[in-house]
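Going by this note's numbering, the first residue of the sequence shown is number 35, and it counts up by one from there. Even glycine gets a Cβ: it sits at the ideal position worked out from N, Cα and C. None of these values were measured; they are calculated from a predicted model. The block underneath contains the structure these notes are about, expressed in structure tokens.
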Amino acid sequence: MKLASLCFLLLFINPVPELSTLRAHYVSAATSQVSADAFYKTLENINENHDNHTILAYKAASIVLLAKYESGLFSKTRLFNRGTSLLELAIKKAPDNYEARLIRLNIQDNVPWITGYTGDIKEDKAFLIKNYASQPDDLKAFTKAYIMQCDAFKAKEKIAFN
């Protein structure tokens with residue numbers, strides 16, 4: 035009976051994925067709708083009150099990536115706005131969260147200008163350059179991989195990530 039109760043309880047526990055796993059899912063979700071759907075499903079049960087703001091930022095990114103593959107303009111806009119609002123909430127709650135700022139920069143650098151969601155690129159670039167050296171090695175590697183192919187950074191700025 036105790037074993038059955040434990041098994042039943044475990045069905046409702048949703049483990050939080052590792053950041054390394056989320057980073058890999060994030061990258062692949064940008065290139066495939068199937069991957070974007072899987073990325074979202076991984077974070078589907080994370081709500082806006084989640085205490086890990088990095089994971090909340092990835093949840094927001096997963097919603098924005100769903101919008102990328104949505105065909106209807108209304109649905110695309112709704113998902114995009116929902117995702118970017120959640121990302122802004124995560125950054126408002128933790129303005130010094132390096133990874134959340136990296137995610138926002140990546141999104142703003144890749145969305146069409148018509149969305150109007152490009153206003154924080156300069157600020158986020160400066161923040162990332164200033165705080166890069168103090169990040170853990172795995173996050174540095176993730177950052178560098180993005181920055182080296184990112185058009186928002188000039189060659190001179192990219193030197194800060196070597």
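At least 8 Å separates the beta-carbon of Ile97 from that of Leu107.
Excluding sequence positions up to five before and after Gly117, its CB lies within less than 6 Å of the CB of Ala94, Ile97, Val98, all in the same chain and listed in chain order. The segment 167–178 and the segment 144–152 do not touch, with fewer than 3 CB-CB distances between them shorter than 8 Å. Counted as a single uninterrupted DSSP element, the alpha helix (DSSP H) harbouring Asn140 occupies residues 132–144.
Under the DSSP assignment, Tyr60 falls in the alpha helix (DSSP H) whose first and last residues are 53–63. With respect to the 8 Å criterion, Asp143 and Ala186 are classified as neighbours on the basis of their beta carbons.
For Leu100 against Tyr74, the beta-carbon gap comes to about 6 Å, under 8 Å, which counts as contact. Within the segment 61–124, the complete alpha helix (DSSP H) segments at least 4 residues long are 67–77, 87–103, listed from N- to C-terminus.
Rounded to whole angstroms, the gap between the alpha carbons of Ser119 and Ile137 is 13 Å. Sequence-distant partners of Asn140 (beyond 5 residues in either direction) whose C-beta falls short of 7 Å from its own C-beta, in its chain, are Tyr180.
Boundaries of the alpha helix (DSSP H) harbouring Ala175: 171–181, taken from the DSSP string.
Remark: C-beta atoms of Leu123 and Thr88 do not approach each other more closely than 8 Å.
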